[in-house]
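Asker: Chains as they are written, first to last, in my numbering: chain A, 211 to 432; chain B, 211 to 432; chain C, 211 to 432; chain D, 211 to 432. Can you read through this structure? Questions will come right after.
There are 4 protein chains.
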Amino acid sequence: MAASEIPSLSKVGADCKPGRGRPRSEHSHEAILDAVLRLLEAEGYDALTIEGVARQAGVGKQTIYRWWKCKAELVLEAYANHAASKTPVPDRGSLRADLEAFLGVAFKRLTDISGPIMRGLMADAVHDDEFREVLVSAFVAKRHDALRQIFQRGMERGEVDLAADIDLACELILGPLWYRLLLQQGKLDARFARQLTTALLAIVCVRADSSCERIEPVAVRA
Amino acid sequence: MAASEIPSLSKVGADCKPGRGRPRSEHSHEAILDAVLRLLEAEGYDALTIEGVARQAGVGKQTIYRWWKCKAELVLEAYANHAASKTPVPDRGSLRADLEAFLGVAFKRLTDISGPIMRGLMADAVHDDEFREVLVSAFVAKRHDALRQIFQRGMERGEVDLAADIDLACELILGPLWYRLLLQQGKLDARFARQLTTALLAIVCVRADSSCERIEPVAVRA
Amino acid sequence: MAASEIPSLSKVGADCKPGRGRPRSEHSHEAILDAVLRLLEAEGYDALTIEGVARQAGVGKQTIYRWWKCKAELVLEAYANHAASKTPVPDRGSLRADLEAFLGVAFKRLTDISGPIMRGLMADAVHDDEFREVLVSAFVAKRHDALRQIFQRGMERGEVDLAADIDLACELILGPLWYRLLLQQGKLDARFARQLTTALLAIVCVRADSSCERIEPVAVRA
Amino acid sequence: MAASEIPSLSKVGADCKPGRGRPRSEHSHEAILDAVLRLLEAEGYDALTIEGVARQAGVGKQTIYRWWKCKAELVLEAYANHAASKTPVPDRGSLRADLEAFLGVAFKRLTDISGPIMRGLMADAVHDDEFREVLVSAFVAKRHDALRQIFQRGMERGEVDLAADIDLACELILGPLWYRLLLQQGKLDARFARQLTTALLAIVCVRADSSCERIEPVAVRA
DNA sequence: AAGTAAACGAGACGGTACGTCCTGTCTTCTT
DNA sequence: AAGAAGACAGGACGTACCGTCTCGTTTACTT
Chain A
211 MAASEIPSLS KVGADCKPGR GRPRSEHSHE AILDAVLRLL EAEGYDALTI EGVARQAGVG
271 KQTIYRWWKC KAELVLEAYA NHAASKTPVP DRGSLRADLE AFLGVAFKRL TDISGPIMRG
331 LMADAVHDDE FREVLVSAFV AKRHDALRQI FQRGMERGEV DLAADIDLAC ELILGPLWYR
391 LLLQQGKLDA RFARQLTTAL LAIVCVRADS SCERIEPVAV RA
Chain B
211 MAASEIPSLS KVGADCKPGR GRPRSEHSHE AILDAVLRLL EAEGYDALTI EGVARQAGVG
271 KQTIYRWWKC KAELVLEAYA NHAASKTPVP DRGSLRADLE AFLGVAFKRL TDISGPIMRG
331 LMADAVHDDE FREVLVSAFV AKRHDALRQI FQRGMERGEV DLAADIDLAC ELILGPLWYR
391 LLLQQGKLDA RFARQLTTAL LAIVCVRADS SCERIEPVAV RA
Chain C
211 MAASEIPSLS KVGADCKPGR GRPRSEHSHE AILDAVLRLL EAEGYDALTI EGVARQAGVG
271 KQTIYRWWKC KAELVLEAYA NHAASKTPVP DRGSLRADLE AFLGVAFKRL TDISGPIMRG
331 LMADAVHDDE FREVLVSAFV AKRHDALRQI FQRGMERGEV DLAADIDLAC ELILGPLWYR
391 LLLQQGKLDA RFARQLTTAL LAIVCVRADS SCERIEPVAV RA
Chain D
211 MAASEIPSLS KVGADCKPGR GRPRSEHSHE AILDAVLRLL EAEGYDALTI EGVARQAGVG
271 KQTIYRWWKC KAELVLEAYA NHAASKTPVP DRGSLRADLE AFLGVAFKRL TDISGPIMRG
331 LMADAVHDDE FREVLVSAFV AKRHDALRQI FQRGMERGEV DLAADIDLAC ELILGPLWYR
391 LLLQQGKLDA RFARQLTTAL LAIVCVRADS SCERIEPVAV RA
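Set out below in structure tokens:
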């Protein structure tokens, strides 16, 4: 996905008419996003304030409010620009391998850096419907689509039952993922990735033949 | 469930020594919880403030802070007292029936009343570690245990593979449940209950025999 | 009074060199002054803002700042153009009659329309030295001169003592006038006009003869 | 006038019920008024802001807003407490002497210190009706009354005509005083004090006898 | 009965951030 | 050049809650 595809979440959809008036200051734009990242790292999501960002960026508060609706959108753009949803989803030959690879990367990122940020964004999405839509369409949906692509590939390979409900399968992965992330009950580690993968294979794989069994006989069993 | 089972989350564990000084005013206690419920209904979780509760209850702010750490704990107690997590989990004869019944009740409540409240509590749990523990042990864990019990029963019936990871199975249900609840993407309806149930059966049920197939041939498939 | 006599307070003294570049837009000029009058009437002096005028006039802010230094100057010009300080000061035959006529007209205008505006201008003059000079020379001084003329006429008629300090007399009229206007303590009505007139006659009139007494026996006495 | 008579202009009339709740912090009260005086001196009336006072006093903004309606009331109290309207008005034997003494003191103070403050207060009084009332009753009226007292004494001495309108006389003094103060046109000096005094004597003094003439033959004449 | 001690209502306190408004300047394209 | 448009840094506004604090007032259980 080219960088230019996510040029800006700010003023979503407002594809800057070339029109009249002073054009948006790219310098301020960057200073703001920089400040956000710096403050996120230094103080954490909860301690981040619009006022603090303005101060740190040397920018008027209005300049922030002009382009973003709330702190969450600001963080989302800063973070998206930064770790710009690199979702390669390379073909590793089998559904199991693809899933484990996908989860491995996702878990890694959530454990290392973006975990606290994603938790903060999700919390804000809960009490701001407008932002929730943005978060879903700009972030969550992309992960869902990446997963979808993986299952689709599995289907093409003949691993996945043609009648399987792929969207449900995605939810069965993303749900537990967020559950652990938000409640901090249980690690997002390789073991969990393997467990989830195995469980999902048990659900979506073609039955009566050995395609699943072949890979691992007894799915989620300890 | 006897009232004494959830005597009070306030000042958790502080089982009111009979000691000296004026005893806690039960009148104020009730007035506060009443006010919380009234305000929750009238204005919603986000608009609820400690100050507002004190005002509505005709109570000093200190009296609230004396017994509860934050608004989330306050709401949790008010709500727990109210719709006091009655989770009977009656035996309906089969794992499928038990699961669907459980999810039916849970979805109903979340859709009708408690959805917004649970979402608010979860959001607060995200940025308050202390409360998160409370929420988990006082609420989430109970649901998990109820599910656990259902799967256990299935195991005793011979429906569930003895080697199945029941805790993982619980997460595979509660995860998607919260996922839909928090992101408001997709309904918590009977269809979803059936889909989840079927998927879980595919995972935990004994293989090579037809115990699963018998109930519904191709699990999550459309 | 011809329009050319108060051609513009804007860019005071800068009598638009015919020079190069686009000439000043008379259309914008008028739109701005119109907007000022409309807003003054609708919202009052205090609520008037440069930004609001620009919006209302469909004009860039810069176009206002290019020609006026502050909102007060803008208002002064709009108002001066409008009720263009028509001070005929016709000779009514006696000092008393002239003074009462002058005050009558002045009070009428201040009571009907221009009171709030003049109060606003005066308030601004207090914290803006530059504008204060403008206000004095463009407005206050004119009133002073008109009064001066009246007293002068009285002197020529022999009513006023040749040694009287006419400027002081003017202050003794304008001072109380503004005092009542600004503090809104006491009306600017015919009675006050008569009282002021009588008091001033007592001060400036030729003594020992009956020129004053003739007109009204006991000056300011109830 | 005892200091205790002007204990506080804040929350005017709210004579602090001894009642319930934490009592007002006298420490904060003083810190605020101190800060006001310090900032007034350092930066001037116009540069004074509620925010700045709060910062300087080490006090929450709300604590200021709780007791004062606006910056003007704050300044008025600070200033009143400080130079607490010491208006002795001692009897100097004659109306002329009393008036000149009164004006001398007033002019001195306005020239030295309080001039800019009084101008600022007056400007604010213009666009805040509520404060205007306060300013009038807490300050202007007192000056008026002091003058009234002087004229009254003159009346008792037989200097002032029993039918003279004393209130009008007061306006004829205070009007020109404020006029010069606000417009900064002409000094508030001994000469002006003498001129005003002489003019007033011409108005209110008993005619036909020489009580006025005796003091100075030709009143306001140059 | 007097004393002690905690809980209570009230509400003031120092803080912090909010989101809005306006100022005066600037930068662009258009006329 | 002047103009319309509108973004920019800055700064104060007045509000809302936070969590803490200090009052005077109950309301028990000691002594």
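Ideal Cβ positions, reconstructed from N, Cα and C, are used throughout, including at glycine.
Quick check on CYS415 (chain D): does DSSP put it in helix, strand or coil?
Answerer: As a working note, residue 415 (chain D) is residue 205 in the fourth sequence. CYS415 (chain D): strand per DSSP, three-state reduction.
Asker: Identify whether VAL336 (chain D) lies in helix, strand or coil by the three-state DSSP scheme.
Answerer: By one-based count along the fourth sequence, residue 336 (chain D) stands at place 126. Looking at VAL336 (chain D) - three-state DSSP - the assignment turns out to be helix.
Asker: Run through DSSP, which three-state label would VAL299 (chain D) get?
Answerer: Your numbering for residue 299 (chain D) matches position 89 in the fourth sequence. The answer is coil: DSSP assigns VAL299 (chain D) none of H, G, I, E or B.
Asker: Going by the CB atoms, is the gap between LEU331 (chain A) and ALA282 (chain A) shorter than 9 Å?
Answerer: To locate residue 282 (chain A), count along the first sequence from 1; it is residue 72. To locate residue 331 (chain A), count along the first sequence from 1; it is residue 121. Taking 9 Å as the Cβ cut-off, ALA282 (chain A) and LEU331 (chain A) qualify as a contacting pair.
Asker: Counting only Cβ pairs nearer than 9 Å, list the residues of chain B close to ARG367 (chain A).
Answerer: Mapped onto the first sequence, residue 367 (chain A) falls at position 157. Neighbours of ARG367 (chain A) on chain B: none; closest Cβ ~17 Å, over 9 Å.
Asker: Less than 8 Å between C-beta atoms, sequence neighbours within five positions excluded: which residues of the same chain meet that for TRP388 (chain B)?
Answerer: One-based indexing of the second sequence puts residue 388 (chain B) at position 178. These residues qualify, in order along the chain: MET332.
Asker: Taking C-alpha atoms, which residue in B:LEU411, B:LYS352 and B:ARG404 lies nearest to ALA311 (chain B)?
Answerer: Working through the second sequence from its first residue, we reach residue 311 (chain B) at position 101. Ranking B:LEU411, B:LYS352 and B:ARG404 by Cα distance to ALA311 (chain B) puts B:ARG404 first.
Asker: Using a Cβ cut-off of 9 Å, pull out every chain A residue sitting near ASP399 (chain B), in sequence order please.
Answerer: Along the second sequence, read from residue 1 onward, the residue named residue 399 (chain B) stands at position 189. The premise fails here: ASP399 (chain B) is roughly 13 Å from chain A at the closest Cβ pair, so nothing lies under 9 Å.
Asker: Counting only C-beta atoms, is TYR289 (chain A) closer than 9 Å to chain B at any point?
Answerer: Start at 1 with the first residue of the first sequence, and residue 289 (chain A) comes out as number 79. No, its Cβ sits nowhere closer than 9 Å to a Cβ of chain B.
Asker: Report the residue from C:ALA348, C:SER347 and C:ILE376 whose alpha carbon sits nearest the alpha carbon of GLN359 (chain C).
Answerer: Start at 1 with the first residue of the third sequence, and residue 359 (chain C) comes out as number 149. Comparing Cα positions, the closest option is C:ILE376.
Asker: Leaving out five residues on either side along the sequence, give the residues of the same chain with a beta carbon under 7 Å from the beta carbon of LEU309 (chain D).
Answerer: Taking the first residue of the fourth sequence as position 1, residue 309 (chain D) is located at position 99. Cβ neighbours of LEU309 (chain D) beyond the five flanking positions: ILE360, THR407 and LEU410.
Asker: Answer yes or no: do SER238 (chain D) and ALA267 (chain D) have a C-beta to C-beta separation smaller than 9 Å?
Answerer: As a first step, residue 238 (chain D) is located in the fourth sequence; it is residue number 28 there, counting from the start. As a first step, residue 267 (chain D) is located in the fourth sequence; it is residue number 57 there, counting from the start. Yes. Within cutoff.
Asker: Only counting the same chain, and skipping five residues up and downstream in sequence, which positions put a Cβ closer than 8 Å to that of MET328 (chain A)?
Answerer: Position 118 of the first sequence, counted from the first residue, corresponds to residue 328 (chain A). Counting only Cβ-Cβ distances below 8 Å, and skipping sequence neighbours, we find LEU320 and LEU391.
Asker: Residues in the same chain with beta-carbon distance under 8 Å from LEU249 (chain C), minus the five sequence neighbours each way, listed in chain order, please.
Answerer: The residue you call residue 249 (chain C) lines up with position 39 of the third sequence. Only ALA257, LEU258, GLY262, VAL263 and GLN266 meet the Cβ criterion.
Asker: Below 9 Å between beta carbons: does that hold for ILE242 (chain B) and LEU284 (chain B)?
Answerer: By 1-based counting over the second sequence, the position of residue 242 (chain B) is 32. By 1-based counting over the second sequence, the position of residue 284 (chain B) is 74. Going by C-beta atoms, ILE242 (chain B) is nearer than 9 Å to LEU284 (chain B).
Asker: Would you grab the beta carbon distance between CYS415 (chain A) and GLU369 (chain A) for me? Rounded to a whole angstrom, and I think it's under 8 Å.
Answerer: Working through the first sequence from its first residue, we reach residue 415 (chain A) at position 205. Working through the first sequence from its first residue, we reach residue 369 (chain A) at position 159. Yes, CYS415 (chain A) and GLU369 (chain A) are in contact; Cβ-Cβ is about 6 Å, under 8 Å.
Asker: Would you kindly work out how many angstroms separate the C-alpha atoms of GLU340 (chain D) and ASP244 (chain C), rounded to a whole number?
Answerer: Here residue 340 (chain D) is taken as the residue at index 130 of the fourth sequence, counted from 1. Here residue 244 (chain C) is taken as the residue at index 34 of the third sequence, counted from 1. Taking the Cα positions, GLU340 (chain D) is about 31 Å away from ASP244 (chain C).
Asker: With the cut-off set at 9 Å, would you say PHE349 (chain B) and LEU286 (chain B) are in Cβ contact?
Answerer: The sequence position of residue 349 (chain B) within the second sequence is 139, counting from 1. The sequence position of residue 286 (chain B) within the second sequence is 76, counting from 1. Note that the C-beta distance between PHE349 (chain B) and LEU286 (chain B) is below 9 Å.
Asker: Is any beta-carbon of chain D found at less than 9 Å from that of LEU382 (chain C)?
Answerer: Along the third sequence, one-based indexing puts residue 382 (chain C) at 172. Yes, contact with chain D.
Asker: Return the residue from the list D:LYS352, D:LEU305, D:PRO326 and D:ARG276 that minimises the CA-CA distance to ARG367 (chain D).
Answerer: On the fourth sequence, residue 367 (chain D) is found 157 positions in, with the first residue counted as 1. Nearest option by C-alpha distance: D:LEU305.
Asker: What residues from chain B crowd round ARG342 (chain A), counting only those whose CB sits closer than 7 Å?
Answerer: Translated into positions along the first sequence, residue 342 (chain A) becomes position 132. Against ARG342 (chain A), the close residues of chain B are LEU393 and GLN394, in the order they occur along the chain (beta-carbon pairs closer than 7 Å).
Asker: Would the beta-carbon of ALA316 (chain A) fall within 9 Å of that of ARG353 (chain A)?
Answerer: Your numbering for residue 316 (chain A) matches position 106 in the first sequence. Your numbering for residue 353 (chain A) matches position 143 in the first sequence. Yes, Cβ-Cβ distance for ALA316 (chain A) and ARG353 (chain A) is below 9 Å.
Asker: Residues of chain A with CB closer than 7 Å to the CB of ALA333 (chain B), please, in chain order.
Answerer: Here residue 333 (chain B) refers to the residue found at position 123 of the second sequence. Those are ALA333, VAL336 and HIS337, listed as they occur along chain A.
Asker: What separation, rounded to the nearest whole angstrom, lies between the Cα atoms of ILE413 (chain D) and LEU393 (chain D)?
Answerer: Here the question's residue 413 (chain D) lines up with position 203 in the fourth sequence. Here the question's residue 393 (chain D) lines up with position 183 in the fourth sequence. Spanning the two alpha carbons is a distance of roughly 25 Å.
Asker: Please list, in chain order, the chain A residues whose beta carbon lies closer than 8 Å to that of GLN405 (chain B).
Answerer: In the second sequence, counting from the first residue as 1, residue 405 (chain B) sits at position 195. Those within 8 Å of GLN405 (chain B) in chain A are ASP375 and LEU378.
Asker: Which word fits LEU313 (chain B), buried or exposed, when buried means at least 16 other C-beta atoms lie within 10 angstroms of its C-beta?
Answerer: Translated into the one-based positions of the second sequence, residue 313 (chain B) becomes position 103. Buried.
Asker: Using DSSP with H/G/I as helix, E/B as strand and the rest coil, what is VAL269 (chain A)?
Answerer: Translated into positions along the first sequence, residue 269 (chain A) becomes position 59. In the structure shown, VAL269 (chain A) sits in coil (DSSP, three-state: anything other than H, G, I, E or B).
Asker: Going by C-alpha distance, which of D:ALA400, D:LEU345, D:PRO298 and D:VAL336 is nearest ALA288 (chain D)?
Answerer: Along the fourth sequence, one-based indexing puts residue 288 (chain D) at 78. Looking at the Cα atoms, D:LEU345 is the closest of the given residues.
Asker: Could you say which of B:ARG363, B:ALA374 and B:GLY396 lies nearest to ARG302 (chain B) if we only look at CA atoms?
Answerer: Indexing the second sequence from 1 puts residue 302 (chain B) at position 92. The shortest C-alpha separation from ARG302 (chain B) is found at B:ARG363.
Asker: Do LEU357 (chain C) and ALA374 (chain C) have their C-beta atoms closer together than 9 Å?
Answerer: Start at 1 with the first residue of the third sequence, and residue 357 (chain C) comes out as number 147. Start at 1 with the first residue of the third sequence, and residue 374 (chain C) comes out as number 164. Not in contact: LEU357 (chain C) and ALA374 (chain C) (Cβ atoms no closer than 9 Å).
Asker: Contact criterion: CB-CB distance below 9 Å. Does GLY330 (chain D) meet it with respect to chain C?
Answerer: Here the question's residue 330 (chain D) lines up with position 120 in the fourth sequence. Judged by the 9 Å Cβ criterion, GLY330 (chain D) is in contact with chain C.
Asker: Just by C-beta distance, which residues in the region 238-256 of chain B are closer than 8 Å to chain A?
Answerer: If the cut-off is 8 Å between Cβ atoms, the region 238-256 of chain B has TYR255 and ASP256 near chain A.
Asker: Could you tell me which of D:ALA290, D:THR273, D:CYS280 and D:VAL269 sits nearest to ASP338 (chain D), measuring between CA atoms?
Answerer: By one-based count along the fourth sequence, residue 338 (chain D) stands at place 128. Ranking D:ALA290, D:THR273, D:CYS280 and D:VAL269 by Cα distance to ASP338 (chain D) puts D:CYS280 first.
Asker: What runs of the alpha helix (DSSP H), each 4 residues or longer, lie entirely inside the region 366-419 of chain D?
Answerer: Counting whole runs of 4 or more residues, the region 366-419 of chain D contains the alpha helix (DSSP H) stretches 376-393 and 400-414.
Asker: Compare the C-beta of GLY385 (chain A) against all C-beta atoms of chain B and say whether one is closer than 9 Å.
Answerer: Looking up residue 385 (chain A) in the first sequence gives position 175. It does; some Cβ of chain B falls within 9 Å.
Asker: Let me check understanding here. Comparing Cα to Cα, which of B:PRO233, B:LEU247 and B:ALA400 lies closest to TRP277 (chain B)?
Answerer: Along the second sequence, one-based indexing puts residue 277 (chain B) at 67. The shortest Cα separation from TRP277 (chain B) among B:PRO233, B:LEU247 and B:ALA400 belongs to B:PRO233.
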